[in-house]
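Asker: Top to bottom, those sequences are chains A and B. Here the first sequence is numbered in our numbering, starting from 1 and rising by one per residue. Here the second sequence is numbered in our numbering, starting from 152 and rising by one per residue. Using N, Cα and C, we set each Cβ at its ideal position, and we do this for glycine too.
There are 2 protein chains.
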Amino acid sequence: MKPNLPIKHGQNYSFAQAGAWDDLPQHVFQHSRLGATPGKLFLKEALQMSALEISLGSIPPGRGLPFLHQHRQNEEVYIFVKGTGQFLIDGEILNVQEGSVVRVAPAGARAWRNTGSTPLHYIVIQAKAGTLDTGTITDGVPVPGEPPWPK
Amino acid sequence: MKPNLPIKHGQNYSFAQAGAWDDLPQHVFQHSRLGATPGKLFLKEALQMSALEISLGSIPPGRGLPFLHQHRQNEEVYIFVKGTGQFLIDGEILNVQEGSVVRVAPAGARAWRNTGSTPLHYIVIQAKAGTLDTGTITDGVPVPGEPPWPK
Numbered sequence: 001m002k003p004n005l006p007i008k009h010g011q012n013y014s015f016a017q018a019g020a021w022d023d024l025p026q027h028v029f030q031h032s033r034l035g036a037t038p039g040k041l042f043l044k045e046a047l048q049m050s051a052l053e054i055s056l057g058s059i060p061p062g063r064g065l066p067f068l069h070q071h072r073q074n075e076e077v078y079i080f081v082k083g084t085g086q087f088l089i090d091g092e093i094l095n096v097q098e099g100s101v102v103r104v105a106p107a108g109a110r111a112w113r114n115t116g117s118t119p120l121h122y123i124v125i126q127a128k129a130g131t132l133d134t135g136t137i138t139d140g141v142p143v144p145g146e147p148p149w150p151k
Numbered sequence: 152m153k154p155n156l157p158i159k160h161g162q163n164y165s166f167a168q169a170g171a172w173d174d175l176p177q178h179v180f181q182h183s184r185l186g187a188t189p190g191k192l193f194l195k196e197a198l199q200m201s202a203l204e205i206s207l208g209s210i211p212p213g214r215g216l217p218f219l220h221q222h223r224q225n226e227e228v229y230i231f232v233k234g235t236g237q238f239l240i241d242g243e244i245l246n247v248q249e250g251s252v253v254r255v256a257p258a259g260a261r262a263w264r265n266t267g268s269t270p271l272h273y274i275v276i277q278a279k280a281g282t283l284d285t286g287t288i289t290d291g292v293p294v295p296g297e298p299p300w301p302k
């Protein structure tokens, strides 16, 4: 159920307005183990991604993942945007907050929870481990012309 | 120059505290065309990513990218976290704000700018186009045991 996810497609892009972080619970993911899960929005299919799965997540105070999972082939990166929580990885606990970033190899057993009094907002990114050739700006190529705004 | 990026590594993870969004300008990227660029923090190398390049970005009011670029082989996704701006893609302008997500194919000519009165905070994610096999939770595998917190 995605009651409010305006999407626009162009030749080389797809564009979604997912809305403010605090409104994220309007997006409900049907999880095979957890059932209807408000505050989890997967974007790969909607935005026609070919190399990434990205989800925006929001967990209310007092809640956390009730199980551990690992991955078959995908590297995951978790970026915490707002709130405070704990990230459990192979039995070790990391304290997370705004600006915390965790890379997890496929084999890592992971879960996370909200330990604060406000929603915990975060992003989860998946990509197939070992597939990237170049980083920073080395894959970029200049295009002739300039943006139509002051330098 | 990365004056304050605490990083911890484990067998299956790397963990960074990049800090609050408003403090992001403390991270300075040496850009081959723009020179010293405060508010751009690339994370692939620091977090030992194998499938992703991720950068946290902050652009002050009145500023924007002064050039267009495309990519050789990487798909990019831009997630806007705070502030308001414009995203230019193949000559078309998209208005972006908290919760805006843009997927761009390698060939897309892109630039972006801050059009608001507060910093524009955003995340840029790169992965090699066409490499992902599975999305949502289909790559996940349950791990025996449970997190040490109430369900």
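Could you confirm whether any beta carbon from chain B is found closer than 8 Å to the beta carbon of leucine 120 (chain A)?
Answerer: Within the first sequence, the letter at position 120 stands for residue 120 (chain A). So, not an interface residue.
Asker: Give a yes or no on whether 8 Å exceeds the smallest Cβ distance from asparagine 74 (chain A) to chain B.
Answerer: Along the first sequence, one-based indexing puts residue 74 (chain A) at 74. Taking Cβ atoms only, chain B reaches closer than 8 Å to asparagine 74 (chain A), which makes this a yes.
Asker: Rounded to a whole number of angstroms, what is the C-alpha to C-alpha distance between glycine 108 (chain A) and histidine 69 (chain A)?
Answerer: Here residue 108 (chain A) is taken as the residue at index 108 of the first sequence, counted from 1. Here residue 69 (chain A) is taken as the residue at index 69 of the first sequence, counted from 1. Those two C-alpha atoms are separated by around 8 Å.
Asker: Alanine 258 (chain B) touches chain A at which residues, Cβ-Cβ below 7 Å?
Answerer: Here residue 258 (chain B) refers to the residue found at position 107 when the second sequence is read from its first residue. Ordered by position in chain A, the residues that pass the 7 Å Cβ test against alanine 258 (chain B) are Asn12.
Asker: I want to know whether the stretch 13-23 of chain A touches the stretch 240-252 of chain B - three or more CB-CB distances under 8 Å.
Answerer: yes
Asker: On a Cα-Cα basis, can you pick out the residue from B:Phe193, B:Ala256, B:Phe231 that is closest to arginine 264 (chain B)?
Answerer: Here residue 264 (chain B) is taken as the residue at index 113 of the second sequence, counted from 1. Ranking B:Phe193, B:Ala256, B:Phe231 by Cα distance to arginine 264 (chain B) puts B:Phe231 first.
Asker: Answer with buried or exposed for threonine 138 (chain A), where buried requires no fewer than 16 other C-beta atoms within 10 angstroms of its C-beta.
Answerer: The residue labelled residue 138 (chain A) in the question sits at position 138 within the first sequence. Exposed.
Asker: With a 10 Å radius around its C-beta and 16 neighbouring C-beta atoms as the bar for buried, classify histidine 222 (chain B) as buried or exposed.
Answerer: Locating residue 222 (chain B) in the second sequence gives position 71, where the first residue counts as 1. Flag for histidine 222 (chain B) reads buried.
Asker: Taking only three categories from DSSP, how would you classify leucine 5 (chain A)?
Answerer: By one-based count along the first sequence, residue 5 (chain A) stands at place 5. If DSSP states are grouped into helix, strand and coil, leucine 5 (chain A) belongs with coil.
Asker: Let me know if leucine 34 (chain A) comes out buried or exposed under the rule of 16 or more other beta-carbons within 10 Å of its beta-carbon.
Answerer: Here residue 34 (chain A) refers to the residue found at position 34 when the first sequence is read from its first residue. That one is exposed.
Asker: Could you check which residue in A:Arg103, A:Leu5, A:Phe87 has the C-alpha nearest to that of leucine 203 (chain B)?
Answerer: Here residue 203 (chain B) is taken as the residue at index 52 of the second sequence, counted from 1. Taking only the C-alpha atoms, the option nearest leucine 203 (chain B) is A:Arg103.
Asker: For chain A, check one thing: does any of its Cβ atoms lie closer than 8 Å to the Cβ of isoleucine 210 (chain B)?
Answerer: Here residue 210 (chain B) corresponds to residue number 59 of the second sequence, with the count starting at 1. No, isoleucine 210 (chain B) does not count as interfacial toward chain A.
Asker: For histidine 164 (chain A), return the contacting residues in chain B, with the cut-off set at a CB-CB distance below 7 Å.
Answerer: Because chain A spans 1 through 151 in this model, residue 164 (chain A) falls outside it and cannot be assessed.
Asker: Where does isoleucine 137 (chain A) fall in DSSP's three states?
Answerer: Numbered from its first residue, the first sequence carries residue 137 (chain A) at position 137. Three-state DSSP puts isoleucine 137 (chain A) in coil, outside helix and strand.
Asker: Can you name, in chain order, every residue of its own chain whose Cβ lies under 8 Å from the Cβ of proline 6 (chain A), other than the five neighbours on each side?
Answerer: Along the first sequence, read from residue 1 onward, the residue named residue 6 (chain A) stands at position 6. Answer for proline 6 (chain A): Ala16, Gln17, listed in chain order.
Asker: Leucine 56 (chain A) to leucine 47 (chain A), Cα distance in whole Å?
Answerer: One-based indexing of the first sequence puts residue 56 (chain A) at position 56. One-based indexing of the first sequence puts residue 47 (chain A) at position 47. Each residue's Cα considered, the two are about 13 Å apart.
Asker: Is it right to say glutamine 181 (chain B) is buried, meaning 16 or more other beta carbons lie within 10 angstroms of its own, or is it exposed?
Answerer: As a working mapping, residue 181 (chain B) is identified with position 30 in the second sequence. So glutamine 181 (chain B) counts as exposed.
Asker: Residues of chain A with CB under 8 Å from isoleucine 217 (chain B), in chain order?
Answerer: Numbered from 1 along the second sequence, position 66 holds the residue referred to as residue 217 (chain B). A small correction: the amino acid at residue 217 (chain B) is proline; isoleucine does not occupy that position in the sequence shown. Going along chain A in sequence order, the residues near proline 217 (chain B) (Cβ under 8 Å) are Glu146, Pro147, Lys151.
Asker: Using 10 angstroms around the beta-carbon of valine 77 (chain A), count the other beta-carbons present and answer buried if the total reaches 16, otherwise exposed.
Answerer: Taking the first sequence and counting its residues from 1, one reaches residue 77 (chain A) at position 77. With 16 or more other Cβ atoms within 10 Å, it is buried.
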